[in-house]
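A short worksheet on the structure shown next.
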Amino acid sequence: MATIQLRMKEPESWRLSNDKAKAEGKKSGSYADLFGHRTWRRHALLGMVLSCAGVIGLWGIGVFSSDLVGDIVTLNLSKAGESAAAINKGKQLWMSLNLLCFNVGAFAGMLVFTRVAVNLGRKKAFGMFFAGSLLVTVFVFQMIGKISGRYDILWMAPLMGFFHLSVFAGFSIYLPELFPTRLRATGVSFCYNVGRYLAALGPFTLGALAANFGKKAQEAAVASAPQGITDAAMAALKSAAKIDAFRDAASWMCLIFLLGIIVLPLLPETKDQPLPED
60 MATIQLRMKE PESWRLSNDK AKAEGKKSGS YADLFGHRTW RRHALLGMVL SCAGVIGLWG
120 IGVFSSDLVG DIVTLNLSKA GESAAAINKG KQLWMSLNLL CFNVGAFAGM LVFTRVAVNL
180 GRKKAFGMFF AGSLLVTVFV FQMIGKISGR YDILWMAPLM GFFHLSVFAG FSIYLPELFP
240 TRLRATGVSF CYNVGRYLAA LGPFTLGALA ANFGKKAQEA AVASAPQGIT DAAMAALKSA
300 AKIDAFRDAA SWMCLIFLLG IIVLPLLPET KDQPLPED
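Residue 60 is where the sequence shown starts when you use the working numbering, and the numbers rise one by one after that.
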């Protein structure tokens, strides 16, 4: 950090903008100027909504795929009569593998998003990848474990990671293009970080939906259970109902991706455009 602070020079464009702002009595990085200007205020608020869609999608849905994987593996190994130690080991292994595969897909998704944004435009790229996130996430949460058992993770997790993390590459490209030099860091910080704070509601919402759906699903499972069912079979029935409820809760949460699509027509296209200045 000391080397960076001492040896890295400020960009010429920033120094010129800062000098101009001082000469005009303006302040660089001012929130008052950011929200006092109609265009920059509009960009800040819409950029925040755009960021919320991506951040909630990742931290309110995507990362919880590992919890679903853990429950599926636990149920399957329990049915197979495995010991508690073997069940826990298998659960941790496949949950970790799910996150690994998720991030492998994320790496590819960020590279592809960048290319699409350069060739087709920022707004088209966001629209394509938010739509892909919605469709793929619903598919993965509904189908993982139903096609090839736990091995579904090996291709479904990378597919979901590909779309979920791709838009984060877009944020680093697009958000800075919405603000003038003297307010750029402030505007980007507001869009992304306020989005992160609001995204904290995502896990709470998912948990509330899963609890509500799970309670109803387990009650229905108990009501439909045959007479004389063993305790072990009943426990498995309840676990399966809980898993299905979690699948549905996560699928409903995917509506958040529509927010990212809806806000796009209100934002400017910045492809091949000069950076804005005031």
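All C-beta atoms, glycine included, are put in the ideal place defined by N, C-alpha and C.
query, result
"Candidates 88, 283, 140, 256, of which the one nearest residue 246 by Cα", "88"
"Spatial neighbours of residue 168 in its chain, beta-carbon cut-off 8 Å, leaving aside the 5 residues before and after", "188, 220, 221, 222, 223, 224, 225, 228"
"Contact check, residue 184 vs residue 190, beta carbons under 8 Å", "no"
"Buried versus exposed call for residue 174 [16 or more other C-beta atoms within 10 Å across all chains shown]", "exposed"
"For residue 314 and residue 182, the rounded distance between their alpha carbons", "19 Å"
"Status (buried if at least 16 other CB within 10 Å, exposed otherwise) for residue 154", "buried"
"Residue 314 - DSSP class collapsed to helix/strand/coil", "coil"
"CB contact flag (residue 212, residue 206, <8 Å)", "no"
"Contact under 8 Å by Cβ, residue 124 with residue 198", "no"
"Residue 130, enclosing alpha helix (DSSP H) - first and last residue", "124 to 138"
"Contact check, residue 276 vs residue 294, beta carbons under 8 Å", "no"
"Endpoints, the alpha helix (DSSP H) within which residue 102 is located", "97 to 118"
"Proximity of residue 263 and residue 112 at Cβ, strictly below 8 Å", "no"
"Extent of the continuous alpha helix (DSSP H) to which residue 185 belongs", "181 to 202"
"Given residue 192 as reference, the closest of 114, 144, 99 once Cα atoms are compared", "114"
"Pair within 8 Å by beta-carbon distance, residue 131 and residue 209", "yes"
"Closer than 7 Å: residue 183 CB and nearest the ligand GTP heavy atom", "As presented, the structure is devoid of all ligands, the ligand GTP included, so that no description of it is given."
"When 283, 335, 93 are compared against residue 249, the one with the closest alpha-carbon", "93"
"For residue 122, the nearest candidate out of 144, 161, 63, 259 (CA to CA)", "161"
"Element boundaries [alpha helix (DSSP H), containing residue 260]", "260 to 283"
"Same chain, Cβ closer than 8 Å to residue 170, neighbours up to 5 away in sequence not counted", "228"
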